[in-house]
Amino acid sequence: MPIKIKRNLKEKSTLGKIVFRTAIGLSAYTLALIGLEYYSDSKSEPIRSQEHLEQIMEEEIKKLGIENKNILLILDDNEKWNYPYAVKIGEESYEININPSKHKVVSVKHELYHIADGHCDFGAKFSSDSNIDHLIFYTCYFFYYEPQAAIYAATGLKL
Ligand SMILES: [Zn+2]
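Shown next, in the form of structure tokens:
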């Protein structure tokens, strides 16, 4: 008996295809970014002491050419805190907050890159009360600033 195959696949709409491919692309991008950050974290040396971290920071600040900026480093062992961050706190002044028991040297390099490349200055222009400001900032952050900082922390390349 000959085999009969009945095709009954509905053609997806063009919009459906665009949404589907965008979702796949976004997922692949997010996984690649997370993978890169996870990889560089796994290869990084741990933070041994405050002196060790200060020495690393001095080297990185020179490498990035940001000796003119005031950078306040806050070592916060608060267990609730999961992500290191850098923010602008004044004219040419920034704060890096990091949990040394959870994060490694590579995170400090990553945050210093955000400062050196002006990402924190950009972030300071947006209002935390406005949803549209949040959307614009996080879109830029996610697709432009974060991958740059991740690549710098992993490879030392300034893009
Ligand atoms: Zn970052």
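Each residue of the sequence shown is one higher than the last, beginning at 0 in numbering that gives the first Met the number 0.
For each residue, glycine too, the CB sits at the ideal point set by N, CA and C.
Report, in whole angstroms, the separation of the C-beta atoms of Tyr112 and Tyr143, which I expect to be a contact under 8 angstroms. Sequence index remark: in the sequence shown, residue 112 carries index 113 (1-based). Sequence index remark: in the sequence shown, residue 143 carries index 144 (1-based). Not confirmed; about 13 angstroms, so no contact.
Entirely enclosed beta strand (DSSP E) segments - the segment 73-150, minimum 3 residues: 84-89 and 92-97
Using the C-alpha atoms, what's the distance from Thr13 back to Glu145? Taking the sequence shown and counting its residues from 1, one reaches residue 145 at position 146. Taking the sequence shown and counting its residues from 1, one reaches residue 13 at position 14. For Glu145 and Thr13, the distance between alpha carbons rounds to 31 angstroms.
Check whether the Cβ atoms of Gly83 and Ile70 sit closer than 8 angstroms, and answer yes or no. Against the sequence shown, residue 83 aligns to sequence position 84. Against the sequence shown, residue 70 aligns to sequence position 71. For the sequence presented, residue 83 should be read as Pro rather than Gly. Their beta carbons are not under 8 angstroms apart, which means Pro83 does not touch Ile70 by this criterion.
What does the shell around ligand 1 hold, if a residue joins when its beta-carbon is under 6 angstroms from any heavy atom? With 6 angstroms as the limit, the residues whose C-beta approaches a heavy atom of ligand 1 more closely than that are His109, His113, Glu145 and Ala148, in chain order.
Near Lys108, what residues of its chain come up, given a Cβ to Cβ distance below 6 angstroms and the 5 sequence neighbours on each side ignored? Working through the sequence shown from its first residue, we reach residue 108 at position 109. Closer than 6 angstroms at the Cβ level, and outside the excluded window around Lys108, lie Glu59 and Ala152.
Can you find the residues in the same chain that come closer than 6 angstroms, C-beta to C-beta, to Ala115, ignoring five residues on each side of it along the sequence? The residue given as residue 115 occupies position 116 in the sequence shown. Around Ala115: Leu63 and Ile65.
Out of Pro45, Lys87 and Leu72, which has the shortest C-alpha to C-alpha gap to Lys124? In the sequence shown, counting from the first residue as 1, residue 124 sits at position 125. That would be Lys87, whose Cα lies nearest to the Cα of Lys124.
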